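Colleague:
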Amino acid sequence: MALVIDRSGSMQGERLAAAKKGVEAALDRLGPDDTVSLVAYNHDVDVLLEAGRLGSKRDAAERAIDRLTAQGTTALYAGVKEGGEQVKAFRSDMTVNRVVLLSDGLANVGPSSPREVADLGRKLAGKGITVSTIGLGLEYNDELMQRLAAVSDGNHVFVERSSDLAEIFDREFGDALSIAARDVTITIECKAGFRPTRVLGREADISGSRVTLNLAQLQADNERYVIVELEPEASLKPGRAEDVAKIDVGYVNLDSGARDAVEATVQARFTDDAKEAEASLNKAVMSQVTEQIATENTERALELRNQGDVAGAKQVLMDNASFLGRNKAALGSGNAPAPAASISSLSSLEEKSREAAEALDEADWERTRRAMRYDQHKSKVQQAY
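Reading the sequence shown from the start, the letters are residues 11 to 395 in my numbering.
#1: Just checking my contact of L86 with V109 at CB under 8 angstroms: how many whole Å lie between their CB atoms?
#2: Taking C-alpha atoms, which residue in G136, Q96, M104 and V97 lies nearest to A268?
#3: Along the chain, which unbroken stretches of the alpha helix (DSSP H) at least 4 residues long are found entirely within the segment 35-123?
#4: Please report the Cβ distance between P124 and E92, rounded to the nearest whole angstrom; I am assuming they are in contact, meaning their Cβ atoms lie under 8 angstroms.
#5: For a test of the three-state rule: what should DSSP assign to V262, helix, strand or coil?
#6: By alpha-carbon positions, which one of E34, T45 and E306 ends up nearest to R212?
#7: With a threshold of 16 other CB atoms inside 10 Å of the CB of Q298, please say whether the residue is buried or exposed.
#8: Indicate the three-state DSSP secondary structure (helix, strand or coil) for K388 in the structure shown.
#9: Of the choices P248, L240, A244 and N263, whose alpha-carbon is the least far from that of A255?
#10: G9 and L158: beta carbons closer than 8 angstroms?
#11: For F168, name the three-state secondary structure that DSSP assigns.
#12: Does the distance from the CB of R279 to the CB of A251 come in under 8 angstroms?
#13: Tell me whether the segment 272-289 and the segment 309-323 touch, counting them as touching only if at least three CB pairs, one residue from each stretch, are closer than 8 angstroms.
#14: Are the Cβ atoms of G115 and E149 separated by less than 8 angstroms?
#15: Using only alpha-carbon positions, find the residue among M21, N52, V106 and A99 that is nearest to V262.
#16: Quick one: residues in its chain with C-beta nearer than 7 angstroms to the C-beta of L264, no 5 flanking neighbours on either side, listed in chain order?
#17: Kindly indicate which three-state DSSP category A274 falls into: helix, strand or coil?
#18: Closest by CA to A12, which one among R101, D76 and Q81?
#19: Starting from I178 and walking both ways along the alpha helix (DSSP H), at which residues does that stretch end?
#20: Taking the alpha-carbon positions, what's the A244 to K201 distance?
#21: Provide the residue span of the alpha helix (DSSP H) that contains G335, from first to last.
#22: Distance check for R132 and D54, CA to CA, integer angstroms please.
#23: Let me know if S266 comes out buried or exposed under the rule of 16 or more other beta-carbons within 10 Å of its beta-carbon.
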């Protein structure tokens with residue numbers, strides 16, 4: 011793991027002190043055989059602690075953290091790139107390979123656009139390295155930070171108060187320590203008569219009848235789902251159960267070191283009876299579909315607000331809250347309702363959508379936008395925290 015810390019001038023005082031405290035506490039969770047490095051950047055990049063086993067470097071790590079001072083501008087791209095180089099030095103298929111970036115400001119030295127930084131994230135992801143991003147305060151480039159995490163399948167967090175950094179670092183390290191599988195590949199081959207039209211929430215490749223996507227890692231005791239929308243042929247006959255798709259999942263098992271695989275076949279039965287179709291609805295799955303569609307709606311609202319269409323963004327958010335409310339009521343009642351946790355999640359999203367609709371003016375937008383991006387990322391990648 012490489013910790014990449016922004017030490018530009020805006021990090022002076024309470025922010026840097028809280029970052030130091032959070033990093034020190036997080037390092038306490040690591041064992042002597044874990045590999046760690048510490049990179050700090052302002053207008054320059056300094057490797058304060060070269061990558062190596064923590065057991066022989068713990069004292070040096072503490073001294074490096076203590077030496078951190080804040081001044082200068084923000085070479086974020088170069089900092090992340092160096093963090094990736096540090097991880098690559100000890101990268102292994104049997105390890106969790108991660109860069110954790112903390113920044114409170116705008117990238118303004120070197121490549122600094124969301125596209126350029128996302129391209130760096132894709133290159134790191136191609137080498138099996140994820141990037142988690144922690145945005146502190148209300149001045150960092152939220153689009154850049156979220157996209158960097160998304161393209162590498164990392165976590166993204168918005169931290170408004172520096173006093174919360176210790177908890178966030180603790181949860182990020184806990185997430186890394188719970189990884190059970192990495193380099194997960196999912197292939198969905200749809201049967202004749204079914205055409206995949208889109209995948210909700212995640213980037214995926216759709217080529218003819220085949221859908222492929224990748225997850226960088228999977229935590230123990232953590233469920234992830236993929237939702238694929240299919241268009242069936244009109245000629246399918248009611249009353250018959252049909253194979254819909256064959257699913258193959260391959261992954262590196264971090265317990266055994268082997269590349270394991272599992273497969274399954276999905277079936278569906280067809281009917282022209284609307285009541286029968288409604289009665290057979292899987293409400294647990296539909297609650298997840300609802301969450302992903304609601305997330306798409308908030309992304310559209312954010313885009314409208316960034317274009318200056320405050321009224322349009324507000325209408326989308328209010329409509330989204332109503333959509334969530336209706337589905338929450340329908341999916342949480344009747345036979346085989348959705349799990350209570352799923353209904354609670356929809357309720358929370360409904361409340362946040364209403365709150366965001368009332369916080370779109372200039373005074374509130376910086377905070378609202380960052381909170382929306384965090385919630386969007388969390389829903390789409392099913393982030394654990």
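Note that CB positions come from ideal geometry on N, CA and C, so glycine has one too. Since the structure is predicted, the reported quantities are computational estimates derived from the model, not experimental observations.
Modeller: Once the coordinates are examined:
#1: Sequence index remark: in the sequence shown, residue 86 carries index 76 (1-based). Sequence index remark: in the sequence shown, residue 109 carries index 99 (1-based). The pair is not a contact, with the Cβ atoms about 12 angstroms apart (cut-off 8 angstroms).
#2: Counted from its first residue, the sequence shown places residue 268 at position 258. Checked all of G136, Q96, M104 and V97; the closest Cα to A268 is M104.
#3: Fully enclosed alpha helix (DSSP H) runs of 4 or longer: 68-76 and 86-98.
#4: Looking up residue 124 in the sequence shown gives position 114. Looking up residue 92 in the sequence shown gives position 82. A Cβ-Cβ distance of about 20 angstroms is found for the pair P124 and E92, leaving them out of contact under the 8 angstroms criterion.
#5: One-based indexing of the sequence shown puts residue 262 at position 252. Shown here, V262 sits in a strand according to DSSP, grouped into three states.
#6: For this step, residue 212 is matched to residue 202 along the sequence shown. Checking every option, the nearest Cα to that of R212 belongs to E306.
#7: Locating residue 298 in the sequence shown gives position 288, where the first residue counts as 1. It is buried - the Cβ of Q298 has at least 16 other Cβ atoms within 10 Å.
#8: The sequence position of residue 388 within the sequence shown is 378, counting from 1. Secondary structure of K388 (DSSP, three-state): helix.
#9: On the sequence shown, position 245 is the one that residue 255 refers to. The candidate whose alpha carbon is nearest that of A255 is L240.
#10: Here the chain comprises residues numbered 11 to 395, so residue 9 is not present and cannot be evaluated.
#11: If you number the sequence shown from 1, residue 168 lands on position 158. Assignment of F168 by DSSP, reduced to helix, strand and coil, places it in the strand class.
#12: The residue labelled residue 279 in the question sits at position 269 within the sequence shown. The residue labelled residue 251 in the question sits at position 241 within the sequence shown. Cβ distance < 8 angstroms, so R279 and A251 count as in contact.
#13: No, because fewer than three Cβ pairs between the segment 272-289 and the segment 309-323 fall closer than 8 angstroms, the two stretches do not touch.
#14: Reading the sequence shown from its first residue, position 105 is the one you call residue 115. Reading the sequence shown from its first residue, position 139 is the one you call residue 149. With contacts defined as CB atoms closer than 8 angstroms, G115 and E149 qualify as a contacting pair.
#15: Within the sequence shown, numbered from 1, the residue matching residue 262 stands at position 252. By alpha-carbon distance to V262, the top candidate from M21, N52, V106 and A99 is V106.
#16: Position 254 of the sequence shown, counted from the first residue, corresponds to residue 264. For L264, where only same-chain residues beyond five positions count, the Cβ hits under 7 angstroms are M104, I189, A190, A191 and R192.
#17: Along the sequence shown, one-based indexing puts residue 274 at 264. In the three-state reduction of the DSSP assignment, A274 falls in the strand class, which pools E and B.
#18: On the sequence shown, position 2 is the one that residue 12 refers to. The candidate whose alpha carbon is nearest that of A12 is R101.
#19: On the sequence shown, position 168 is the one that residue 178 refers to. Element bounds for I178: L175 to L187.
#20: In the sequence shown, counting from the first residue as 1, residue 244 sits at position 234. In the sequence shown, counting from the first residue as 1, residue 201 sits at position 191. Rounded to whole angstroms, A244 to K201 spans 15 angstroms at the Cα level.
#21: Locating residue 335 in the sequence shown gives position 325, counting from the first residue. Counting along the chain, the alpha helix (DSSP H) containing G335 begins and ends at V320 to L341.
#22: Here residue 54 corresponds to residue number 44 of the sequence shown, with the count starting at 1. Here residue 132 corresponds to residue number 122 of the sequence shown, with the count starting at 1. Each residue's Cα considered, the two are about 23 angstroms apart.
#23: By one-based count along the sequence shown, residue 266 stands at place 256. Per the 10 Å Cβ criterion, exposed.
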